[in-house]
Amino acid sequence: MPNKVFVIGVGMTKFEKPGSREGWDYPDMAREAGTKALDDAGVDYREVEEAYVGYVYGESTSGQRAVYELGMTGVPVVNVNNNCSTGSTALYLAARAVRGGLADCTLALGFEKMQPGSLGSTYDDRAQPMEKHFLALAEISEVLFPPAPWMFGAAGREHMKEYGSTAEHFAKIGYKNHKHSVNNPYAQFQDEYTLDDILDSRMIYDPLTKLQCSPTSDGSGAAILASEDFVDRHGLADRAVEIVGQAMTSDFSDSFDGTCKALIGYHMNVAAAQSVYEQAGLGPEEFQVIELHDCFSANELLLYEALGLCGEGEAPKLIDAGDTTYGGRWVVNPSGGLISKGHPLGATGLAQCAELTWQLRGDADKRQVNGVTAALQHNIGLGGAAVVTAYQRAER
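Counting along the sequence shown from 1, when you hit position 290 you're at 290 in UniProt numbering, and nothing is skipped either side.
Structural data, given as structure tokens:
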């Protein structure tokens with residue numbers, strides 16, 4: 001039997017506009033998030049047996065440089081890069097080490113120090129990881145650069161054409177997530193906008209306006225994971241959150257089935273979610289709060305369907321009914337999501353983990369969702385990796 005895995009401590013920095021804090025480098029970010037997570041768990045870094053450190057933009061062994069801010073104890077440090085799912089991939093690996101009995105206490109840490117503006121490639125003298133995806137999308141959609149809003153915007157247009165979703169449906173997601181972030185002191189943006197503000201902001205790729213797109217960000221997040229024995233020995237059951245299901249998938253052959261939604265990971269998302277539901281013994285209706293990868297509002301809409309919150313083509317009904325915010329069937333992205341909280345690539349998945357841990361403990365302050373017994377996390381990186389994780393409070 002695999003060992004149980006528990007989150008015993010979480011921490012994060014405030015997410016910031018790149019370069020807005022003078023002299024704030026990734027070791028500073030990692031020290032802040034990692035120290036918060038260790039303090040939250042009430043354990044010393046010397047008890048951490050393995051560390052998995054995620055970042056997308058950085059030099060080799062930046063992970064070691066980051067965790068050396070917490071201590072230099074000789075533990076294995078694994079550097080992780082999985083595009084926008086990097087943080088949750090570090091979490092996945094740290095959990096596997098505990099689940100497999102290889103360690104009793106592990107650290108998952110993620111950070112990013114980004115450049116302002118749209119994401120671009122670093123190396124132009126070799127094959128691009130996403131070139132097959134770009135070429136496939138170019139056969140079914142007009143080409144636009146930068147590629148990220150083009151890919152997700154094209155999937156949004158496809159949904160509009162096939163199921164009748166409207167620009168307003170996508171804008172309502174941006175409106176919701178900005179409204180949620182008002183109560184999140186860690187969010188890059190804490191401004192509330194009207195629906196008209198969302199619709200009238202600068203068009204990036206129709207139907208996606210600027211206020212429906214995640215920004216580049218600086219920041220860090222961290223989680224301390226532990227075995228059941230470690231939790232018992234340290235008396236941490238009252239604060240521990242169990243990972244009751246977790247799955248990571250890469251692209252399947254049907255990622256190239258001729259649809260835009262497949263190219264942005266729809267089939268990966270479905271497979272990862274179904275695996276987690278089976279592991280956890282929970283269906284989508286049994287979660288109260290969800291943090292998902294709303295890099296663009298179009299992706300959040302499609303994820304309602306991929307995660308099984310509704311059937312294909314039915315996401316607009318959920319939006320119109322208010323089913324994904326406070327007072328609805330689920331609260332999706334109470335943190336403000338990537339759109340408003342920010343998206344430092346290596347930290348995003350760990351910030352999601354932190355938010356859901358706080359929600360399950362009842363520690364989310366003004367963002368707190370009532371009656372949380374189970375929480376769901378989704379994080380994706382194109383090219384590709386989808387990571388889905390289910391959480392419940394530890395049984396005392």
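C-beta atoms are modelled at their ideal positions from N, C-alpha and C, and glycine is treated no differently.
All of these numbers come straight from a predicted model, not from anything done at the bench.
Query, Result
"Backbone CA spacing between A154 and N3 [nearest angstrom]", "42 Å"
"Three-state secondary structure (DSSP) of I198", "helix"
"I339 and C213 closer than 8 Å at C-beta", "yes"
"Whole-angstrom distance between V80 and D104, CA atom to CA atom", "20 Å"
"Range of the contiguous beta strand (DSSP E) that encloses residue 415", "Here the chain has residues from 1 to 396 only, and residue 415 is not among them."
"C-alpha gap between G19 and G87, whole angstroms", "21 Å"
"DSSP beta-bridge partners of G11", "A222"
"Environment of R233 [buried if 16+ CB atoms lie within 10 Å]", "exposed"
"T106 versus D196: straight-line alpha-carbon distance, rounded", "46 Å"
"Y193 versus L102: straight-line alpha-carbon distance, rounded", "48 Å"
"Rounded Cβ spacing between G342 and A223 (contact assumed at less than 8 Å)", "Not confirmed; about 18 Å, so no contact."
"Close beta carbons around R65, own chain, < 7 Å, minus the five adjacent residues each side", "P27"
"Reduced DSSP category for A90 - H, G, I as helix; E, B as strand; rest coil", "helix"
"Neighbourhood of Q190 by C-beta, 6 Å cutoff - its chain only, sequence neighbours within 5 removed", "S181 and V182"
"Which of helix, strand or coil DSSP assigns to C260", "helix"
"Local Cβ density within 10 Å of M72, reported as buried at 16 or more and exposed below that", "exposed"
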